[in-house]
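Numbering follows the UniProt record's numbering, with no gaps: position 212 of the sequence shown is 212.
Report on one structure; see the data block that follows.
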Amino acid sequence: MFLSFHGHLRNLLRRGYQNQQKIEHALNRRASIKDIIESMGVPHTEIGRLIINDQEVSFLHIPNNNTSVEIFPLSGPDDFLTATSLRPEPLPELIFALDMNVGKLVKLLRMAGIDTFYTNPISELELLKVGVEENRIVLSRNKDLLKRKALTFGYLVKNFSPEKQFQEIIHFFGLTRNLQPFTRCMACNGLLKKVDKQKIIAELEPLTKIHYHCFQQCSDCTKLYWSGSHKDKMVDIIKRCFPDQDFSVECKKH
Ligand SMILES: [Zn+2]
């Protein structure tokens, strides 16, 4: 059979395959197209479409030695939110579960208001279970994890630095307009709500009591948030990553 990989999928192929436009592969056993592609190094979660004779096929397709398949990468959020030949049951929303190898993303995504599961340590099996049971997209830099059969929705993070990874995820999943900075707890992913200063005044340090008047509290873990150098640093990161966006931050320093 013949396989043509498109876009960044070629970078994921095992050495020896990477420089070939069209890979010739002799079949010596009955195998699904998914298993053949993954044996060449590309996780199934990275694939957006499989085309044979101008027709889209599913991962279960069994090719023969005359089959010629075109393999295209994921193209964006529609691959997750609409039914496709590869993933007939789409996700209701774009929410995430992070692998430990992209753990530094957690603060940035939660800071931007994006629903993100993360715990460390966590076993591969537990992470997959969270992804599958909670309909979350598993973000990882581990190709082998993303080849796991149980997983339908995953995404291989390409960049190394957390800020670049943050930009990559926001742009790829088309989330730029959905950013709601400082609406979610960076510690536990819970939603933040405004809280009256008088109600929590006993918990504040003396200087915080004097200088800050606008507070938010996590509805899950009760952690308190207020403007200050930490929050200003976070606003700078968001502005640096998305210079064209106008983010109004509700609680300004008084
Ligand atoms: Zn919390």
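Idealized CB from N, CA, C, for every residue including glycine.
Return the CA-CA distance between residue 190 and residue 174, expressed in angstroms with no decimal places. Cα to Cα, the separation comes out at about 23 Å.
Coil, strand or helix - residue 86 by DSSP: coil
For residue 202, does the count of other Cβ atoms within 10 angstroms reach 16, so buried, or fall short, so exposed? exposed
Helix, strand or coil: how does DSSP classify residue 97 here? strand
Pull the bridge partners of residue 56 from the DSSP assignment, please. Note: residue 56 sits in a beta bridge opposite 51.
Residue interval of the beta strand (DSSP E) (run including residue 194): Residue 194: member of the beta strand (DSSP E) spanning 192-195, first to last residue.
With a CB to CB cut of under 8 Å and the five nearest residues on each side skipped, what residues in its chain are close to residue 62? 30, 31, 32, 33
Report the start-end ranges of each beta strand (DSSP E) in the stretch 118-146 that is 3 residues or longer and not cut off at the edges. 137-140
Give me the Cβ distance between residue 141 and residue 130, rounded to the nearest whole Å; I'm assuming they're in contact under 8 Å. Contact doesn't hold; Cβ gap of about 17 Å is too wide.
Backbone secondary structure at residue 38 - three-state DSSP: Looking at residue 38 - three-state DSSP - the assignment turns out to be helix.
Could you give the uninterrupted runs of the alpha helix (DSSP H) lying entirely in the stretch 150-234, keeping only those of 4 residues or more? 162-172, 197-200, 206-211
Does residue 45 come out as helix, strand or coil in the three-state DSSP assignment? Shown here, residue 45 sits in a helix according to DSSP, grouped into three states.
Is the beta carbon of residue 143 closer than 8 Å to that of residue 3? no
DSSP beta-bridge partners of residue 73: 47
Can you give me the start and stop residues for the alpha helix (DSSP H) that residue 80 sits inside? 78-81
Where residue 64 and residue 160 are concerned, what is the direct C-alpha to C-alpha distance, given to the nearest angstrom? 39 Å
Short check: CB of residue 49 to CB of residue 152, under 8 Å? No, they are not a contact pair.
Should residue 82 go down as buried or exposed, given a rule of 16 or more other Cβ atoms within 10 Å for buried? exposed
Coarse secondary structure for residue 3, derived from DSSP in three states: strand
Below 8 Å between beta carbons: does that hold for residue 71 and residue 5? yes
Look at the Cβ atom of residue 221, then the Cβ atom of residue 185, and state whether they are nearer than 8 Å. yes
Kindly examine ligand 1 and report whether one of its heavy atoms sits closer than 7 Å to the Cβ of residue 220. Within the chosen limit of 7 Å, ligand 1 reaches the beta carbon of residue 220 through at least one heavy atom.
DSSP-derived helix/strand/coil call for residue 238: helix
Ligand 1 heavy atoms versus the CB of residue 31: any closer than 7 Å? no
Where the alpha helix (DSSP H) through residue 105 begins and ends: 105-111
What is the residue span of the alpha helix (DSSP H) that residue 12 lies within? 9-12
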